[in-house]
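Chains A and P, in that order, are what the protein sequence lines are. Residues 1362 to 1588 in our numbering are what the first sequence spells out, letter by letter. Residues 812 to 961 in our numbering are what the second sequence spells out, letter by letter. For each residue, glycine too, the CB sits at the ideal point set by N, CA and C. Take a look at the structure below.
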Amino acid sequence: MTDRDSPPLVVLACGMAGLRKRWRQAIERQFALHEVAERSSLERALGALRPSAMLLDLQLPALGGIRGVEAIQRLRPATKILLLTKRPDEREGIAALKAGVRGYCDRDIDPILLAKALEVVENGEIWIGRKLIPHLLEELATLAEQQKDAPTKLDSRLERITPRERQIVQLLSAGASNKEIAKRLDVTERTVKAHLTAVFKKLGISGRLQLALYALEQSRSSESSER
Amino acid sequence: MPAISVVIADRGRAARAACRTVLEPERDIRIVGEAQTGMAAVAAAESLKPNVLLLDLGMFDGDARTTLLPVIRRRSPDTRVLLLTERAREARTIDALCSGARGYLEKRALGTYLSRAVRAVDAGEAWVPRKMVATIIDRFAHVTRRSQRG
């Protein structure tokens, strides 16, 4: 028998014998199994057996919660973790995903679903409750915001534009078209366009909307400059 | 229960009309405004504070894709954004989803799903197909690692 023909190896890591038995019965037909009951034997098994995936009970003795999950994942990144927990909740689920798990569910999950979940995770996909997704998106948006230090950088760039160009930017961010700006400033539309081209270049900005948004955010950050 | 207030922001007159046709008969949904440009969408979100903003992904040019949404978020934090897309362009859509949108709907599916998607997003759910979830999570893991390093 070659490796290719044998079923993938999965480690069951759970301190409770009864629970382990339920998990085992749910998946023993599709997977080769190895069971451990506390953290140090889990670590040894990971090094020695290189399992494809693991069912990990968050309440595993000596695991140390999500931090422990993260350490286990780092120990062997190639092993996909399906994390099972007593009472799933959003905060814990997000933390688990941050730690690198590929699946997260209730440890009393229905056996048929458990087999399905493991199959999905082992396959490289994700198994999480739909309710987690909006929280995930929220978290991503917040992270993206935190990473943007653009306003300060842009601030200095804005100083490079002339008063006339600034005027045009202000009108543009108020929603005026080139034609309207030209009329307001009593110049031709071509002049407005030329000014705008210069502004785009100076600020490294690609389009009108982008420019208007920047201007809007600049005015906002100067309104609340103590931040 | 008060109706779900919705602003429709799309460059195309036809798309706006299609949204109206679908949403107007719904008694729990009320259209409170329309916008034809990205800046008008920002202004409408800020002044009308709708529960849900339908936002045409085609309004985004260049980096605005990732700039428009944070601006809307800051100016109307409680408004949930549902993107309208021509067809699933994964990279674009993922960028937008990761900067504050709560879901997306292809325009050809408006008739079938728009009302349901509006209700779902308003209720705090995400309107994202299952197959997209893995991609979002990969992005999440990536961003998280980056922010831990930096």
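- With a cut-off of 8 Å on Cβ pairs, the stretch 930-942 of chain P is in contact with the stretch 1476-1495 of chain A, counting three or more such pairs.
- Annotation: residue 888 of chain P has no Cβ neighbours in chain A at a cutoff of 7 Å; minimum Cβ distance is about 11 Å.
- Excluding residues up to 5 positions away in sequence, 1493, 1496, 1497 and 1500 lie with their Cβ nearer than 8 Å to the Cβ of residue 1455 of chain A in the same chain.
- Listed as beta-bridge partners of residue 924 of chain P by DSSP are no residues whatsoever.
- Interface criterion not met: the Cβ of residue 1407 of chain A is under 8 Å from no Cβ in chain P.
- Taking C-beta atoms under 8 Å as the contact rule, residue 948 of chain P and residue 1458 of chain A qualify, at a distance of about 6 Å.
- In the three-state reduction of the DSSP assignment, residue 1424 of chain A falls in the coil class.
- For the stretch 883-953 of chain P, the continuous alpha helix (DSSP H) assignments of 4+ residues that do not extend past its boundaries occur at 901-908 and 921-933, in sequence order.
- The DSSP-derived three-state label of residue 1439 of chain A is coil.
- The stretch 1371-1391 of chain A makes no contact with the stretch 1460-1467 of chain A: fewer than 3 CB pairs, one atom from each, lie closer than 8 Å.
- Looking at P:848, P:896 and P:919, the one whose alpha-carbon comes closest to that of residue 908 of chain P is P:896.
- In this model, residue 1571 of chain A and residue 824 of chain P are separated by some 23 Å (Cα to Cα).
- Residue 1536 of chain A has a beta carbon lying within less than 8 Å of a beta carbon in chain P.
- Put simply, the backbone Cα of residue 1452 of chain A is about 34 Å away from that of residue 870 of chain P.
- A buried status is given to residue 1556 of chain A, since no fewer than 16 other beta-carbon atoms sit within 10 Å of its beta-carbon.
- When DSSP reads this structure, residue 1445 of chain A sits in a beta bridge with A:1418 and A:1466.
- Put simply, the CB of residue 1454 of chain A is far from chain P, with every gap to its CB atoms at 8 Å or more.
- Taking the CA atoms as reference points, residue 1529 of chain A sits about 53 Å from residue 1438 of chain A.
- Three or more Cβ pairs drawn from the stretch 836-856 of chain P and the stretch 812-826 of chain P lie within less than 8 Å of each other, which places the two stretches in contact.
- Contact between residue 1445 of chain A and residue 1417 of chain A holds: their C-beta atoms lie close to 7 Å from each other, under 8 Å.
- Residue 818 of chain P sits close to residue 864 of chain P, with the two beta carbons spaced by under 8 Å.
- Rounded to whole angstroms, the separation of the alpha carbons of residue 857 of chain P and residue 911 of chain P is 15 Å.
- Assignment of beta-bridge partners to residue 1395 of chain A by DSSP yields A:1372.
- Distance from the CA of residue 1526 of chain A to the CA of residue 839 of chain P, rounded to the nearest whole angstrom, comes to 47 Å.
- Residue 893 of chain P is positioned such that its CB atom lies no closer than 8 Å to that of residue 852 of chain P.
- A straight line joining the alpha-carbon of residue 926 of chain P with that of residue 941 of chain P spans about 19 Å.
- Only those residues of the stretch 1547-1575 of chain A whose C-beta falls short of 7 Å from the nearest C-beta of chain P are listed: 1567, 1568, 1570, 1571, 1573 and 1574.
- Inter-residue distance for residue 1402 of chain A and residue 1575 of chain A is about 55 Å (C-alpha atoms, whole angstroms).
- Between residue 862 of chain P and residue 1502 of chain A, the alpha-carbon positions lie close to 18 Å from each other.
- The beta carbon of residue 1494 of chain A falls within 8 Å of a beta carbon belonging to chain P, placing the residue at that interface.
- Residue-level contact check: residue 948 of chain P touches chain A, since one or more beta carbons of chain A fall below 8 Å from its beta carbon.
- Counting only the Cα atoms, residue 1534 of chain A lies some 37 Å from residue 945 of chain P.
- Within chain A, 1498 and 1501 have C-beta atoms less than 8 Å from the C-beta of residue 908 of chain P, given in sequence order.
- Not one beta carbon of chain P lies nearer than 8 Å to the beta carbon of residue 1447 of chain A.
- Straight-line measurement puts the Cα of residue 1489 of chain A at about 20 Å from the Cα of residue 1380 of chain A.
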